[in-house]
Structures are given as structure tokens and as C-alpha cells.
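Chains as they are written, first to last, in this note's numbering: chain A, 230 to 378; chain B, 6 to 185.
By construction, the Cβ of each residue, glycine as well, lies at the ideal position given by its N, Cα and C atoms.
1) So, under 8 Å CB-CB, residue 54 of chain B and residue 135 of chain B are touching, yes? Tell me the CB distance rounded to an integer number of Å.
2) Between residue 82 of chain B and the rest of its own chain, which residues show a CB-CB distance below 6 Å, the 5 nearest in sequence each way excluded?
3) Cutting at 6 Å between CB atoms, please list the residues of its own chain near residue 304 of chain A, excluding the five before and the five after it.
4) Would you list, in chain order, the members of the segment 131-144 of chain B that have their beta-carbon closer than 7 Å to a beta-carbon of chain A?
5) Which of the three DSSP states is assigned to residue 52 of chain B in this structure?
6) Extract the residue ranges of the alpha helix (DSSP H) inside the segment 117-171 of chain B, only unbroken runs of 4 or more that lie entirely within it.
7) Using 8 Å as the threshold, is the C-beta distance between residue 158 of chain B and residue 276 of chain A below it?
8) Following the continuous alpha helix (DSSP H) through residue 325 of chain A, name the residue where it begins and the one where it ends.
9) What are the boundary residues of the alpha helix (DSSP H) that residue 98 of chain B is part of?
10) Mind checking residue 75 of chain B: buried by the 16 CB within 10 Å criterion, or exposed?
11) Excluding five sequence neighbours on each side, which residues of the same chain lie with their C-beta closer than 7 Å to the C-beta of residue 218 of chain A?
12) In the segment 80-114 of chain B, which residues sit with their C-beta less than 8 Å from some C-beta in chain A, listed in chain order?
13) So residue 37 of chain B and residue 286 of chain A are in contact, right, with Cβ under 8 Å, and what is the actual spacing, rounded?
14) So, is the C-beta of residue 297 of chain A closer than 8 Å to a C-beta in chain B?
15) Hey, residue 271 of chain A and residue 284 of chain A are a contact pair by Cβ (cut 8 Å); roughly how many whole angstroms apart?
16) What's the C-alpha gap between residue 8 of chain B and residue 14 of chain B?
17) For residue 171 of chain B, collect the residues of the same chain with a Cβ closer than 6 Å to its Cβ; drop the 5 residues on either side in sequence, then sort them by chain order.
18) Just the C-alpha distance for residue 418 of chain A and residue 121 of chain B, rounded to the nearest angstrom, thanks.
19) Mapping DSSP to helix, strand and coil, what is residue 331 of chain A?
20) I'd like to know whether the C-beta of residue 256 of chain A is nearer than 8 Å to at least one C-beta of chain B.
21) Identify the contact partners of residue 290 of chain A in chain B, using a Cβ-Cβ distance below 7 Å as the criterion.
22) Is residue 320 of chain A close to chain B, meaning its C-beta is less than 8 Å from at least one C-beta of that chain?
23) Label residue 326 of chain A either buried or exposed according to how many other C-beta atoms from any shown protein chain fall within 10 Å of its C-beta, with 16 as the threshold for buried.
24) Identify which residue in B:117, B:183, B:86 and B:155 has its Cα closest to the Cα of residue 66 of chain B.
25) Within 10 Å of its beta-carbon, does residue 382 of chain A have 16 or more other beta-carbons around it, so buried, or fewer, so exposed?
Written out as C-alpha cells, the structure reads:
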């Protein structure tokens, strides 16, 4: 019984083996460096697969870029320098968090503009309806005829 | 008028979705526009595939526009574009430089023996580091570099007759207009 349970457990853990093989360990100097590498590569997008981070992707180019990021960390480069390096070669596309610049203003502020526009529409409607109600006693049936879009 | 407002709203959404569909059929979502366009090509010094003791550098290629074609023997799409390189691309009259990307030299040589060698020179980037500088992420890719070493055009993916007509020839025409 116990042996069978062990076998079952081993079987359940098999997928972890694939994970361990997918991303080969890099020789980090300490834990802080490893955390920094992991945070950085989770913020960067693999150019080949595009919906995976550098940390997650198993594409050959992601492997090369991880190696590059690792070497730049070892060489004492800052996170900004490493991102600059990648953006110079693969464009802003590699950043999961797009930079604030004129071409991305719509991306950053568009939702707030839409929200404001919606609030404005509601405000105007409410005011109009109130004025209609306060106005020269229109027939009750007229007040809500579904016309106040 | 205000009774029609929902209709207008609906038509606006139709237009928006229609635009989205049109946009996505015309643009390859996997294509990252290279930030290198109209910027100097990265400097490189790479060994030749046929003779690793000799190197080719960016400086060696200055003075005349050329195509740089990223290929590899493991690259499936490269086989599909190869007839275009052997024929129409060669006939454009520019040097064709092969950039053998992350490949085993023997496999690359065998591959060229099988499919033909359209290249005037081939450099080998075995570990893919020079490829990183060029922003290579998926072979095949093709760069057009002008006489001053500026990247003028990049094709990501295989070259097709359509790409030659609609993209490469206009890019060459723009080059010719600049330096008569």
C-alpha cells in the first residue's frame, strides 16, 4: 500500500521534472541576485512567443536573452541599462509595462478619458431630466418616454 | 434624433470591430517592427562559414548596399524562401550576405549543398550573440543595409514574390533615388 502511494506521488511529481529541465539553473552569486534576475525576466516579453515572459518561455531566443540578462547583471549593469539594451534591439515590445511617451498616451490615459466622457454623459442626462421635472409641469407620461438617451 | 442614438452607438461599434478585423488581416501580429530601421547596423566581426580563420566585419561591407539574410539549416521557413534567394533576389544585383544563425557549420554547409548557395559571402554566428545585436528572433529574416551601413529595411519571415514586389523593390527604388 505504502509502496503504491509512493509510486503515485512520484507520478504526480513528474511534471515538475519537465519544469526543472525547461529552464536550466544559472550560477547566481547570491539569493538577491537571483530574485533580481527573476523579477526582471518576469517583466520582459519573449519576442518570439510574445505572450510569454522571458522567465516562462522555452523558446531558443528567450534562452539567449535570459543568458544576456544574466551576464549583464553579473557585469554590474542596472535594470534600466538592461531594459535599454533590449529595447534598442527588440523595441518597446519586450517591455510588459509600456513606457510613458506620446505614442502611448492613449494607452495610459485613454481609459480615464473614456470614464470621464461617460461621467459627463450621465451628468448631462441627470441635469436634463431634473430640468424636465422642474419645468412647466409636463404631462406625467412625457417624463419617462425612453427618449432621454 | 436622440432615438437614433443607440443605432449610432451600434454603428460605431461595428466600425470599430470592422477596423480591428481589417487591421489584423493586414498586419502580422508576430512581427516586431525593428528599432534598427534607419539606424546604423550593429558592428560585428564574424568568422566566415567556409573559412573560420577569416572574418567579415561590418566595415568590410561598407561602400555598397547589400542584403543580409538570416538563415539556418534548422529553420523550416528558410527552405521555403530559398528559391526566392536563388532566383529573384540574386537578380536584384545586390550582394547577398548570408548570416548563418545559431547553426552547426557542417549542417549549414550540407544544407547549402542540398538547396544551393545564393550567397556572395556567409558569416557564422554560432552562439547567436551578433544576432541579438541585430534583433533577430526568428529566422528567416532579411535586412537591407545601405552603402553607409544604415539598415533601411527588414523583412521578418520568408521572402515571397509578393514581398519582393511590394516591399523590397520599393525600398531599393528609394535607395537609388538618394544616390544616383
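Checking against the coordinates, here is how it stands:
1) One-based indexing of the second chain puts residue 54 of chain B at position 49. One-based indexing of the second chain puts residue 135 of chain B at position 130. With 8 Å as the limit, residue 54 of chain B and residue 135 of chain B do not qualify as a contact, their Cβ atoms being about 13 Å apart.
2) In the second chain, residue 82 of chain B corresponds to position 77, counting from 1. 145 and 163, listed in sequence order.
3) Position 75 of the first chain holds residue 304 of chain A. So the list is empty, once near-sequence residues are dropped.
4) Listed in sequence order: 133, 137, 138, 140, 142 and 143.
5) Taking the first residue of the second chain as 1, we reach residue 52 of chain B at position 47. Three-state DSSP puts residue 52 of chain B in a strand.
6) Fully enclosed alpha helix (DSSP H) runs of 4 or longer: 134-138.
7) Looking up residue 158 of chain B in the second chain gives position 153. Looking up residue 276 of chain A in the first chain gives position 47. No, the Cβ-Cβ distance between residue 158 of chain B and residue 276 of chain A is not below 8 Å.
8) The residue given as residue 325 of chain A occupies position 96 in the first chain. Counting along the chain, residue 325 of chain A falls outside any alpha helix (DSSP H), and DSSP gives it neither H nor E.
9) Here residue 98 of chain B corresponds to residue number 93 of the second chain, with the count starting at 1. Unbroken run through residue 98 of chain B: none, as it is neither H nor E.
10) On the second chain, position 70 is the one that residue 75 of chain B refers to. Residue 75 of chain B is buried by the Cβ-count criterion.
11) The displayed coordinates of chain A run from 230 to 378. Any statement about residue 218 of chain A would go beyond what the structure contains.
12) 107
13) The count along the second chain starts at 1 and reaches residue 37 of chain B at position 32. The count along the first chain starts at 1 and reaches residue 286 of chain A at position 57. Not quite, the Cβ-Cβ distance comes to about 15 Å (not below 8 Å), so this is no contact.
14) Residue numbering aside, residue 297 of chain A sits at position 68 when the first chain is read from its first letter. True, the Cβ-Cβ gap to chain B drops below 8 Å.
15) Within the first chain, numbered from 1, the residue matching residue 271 of chain A stands at position 42. Within the first chain, numbered from 1, the residue matching residue 284 of chain A stands at position 55. Confirmed, about 5 Å.
16) As a working note, residue 8 of chain B is residue 3 in the second chain. As a working note, residue 14 of chain B is residue 9 in the second chain. If I take the Cα positions, the gap works out to 11 Å.
17) Residue 171 of chain B sits at position 166 when you count from the first residue of the second chain. Excluding positions up to five away in sequence, the list is empty.
18) An answer regarding residue 418 of chain A cannot be provided, because it is not within the stretch 230 to 378 covered by chain A.
19) What you label residue 331 of chain A is simply residue 102 of the first chain in a count that begins at 1. DSSP places residue 331 of chain A in helix when its eight states are reduced to three.
20) Start at 1 with the first residue of the first chain, and residue 256 of chain A comes out as number 27. So, not an interface residue.
21) Counted from its first residue, the first chain places residue 290 of chain A at position 61. Correct list: 142.
22) As a first step, residue 320 of chain A must be located in the first chain, where it is residue number 91. With 8 Å as the cut-off, residue 320 of chain A counts as an interface residue toward chain B.
23) Here residue 326 of chain A refers to the residue found at position 97 when the first chain is read from its first residue. Classification of residue 326 of chain A: exposed, given that the 10 Å Cβ count is below 16.
24) Along the second chain, one-based indexing puts residue 66 of chain B at 61. Of the candidates B:117, B:183, B:86 and B:155, the one whose C-alpha sits nearest the C-alpha of residue 66 of chain B is B:155.
25) Limits of chain A in this structure are 230 at one end and 378 at the other, which puts residue 382 of chain A out of reach.
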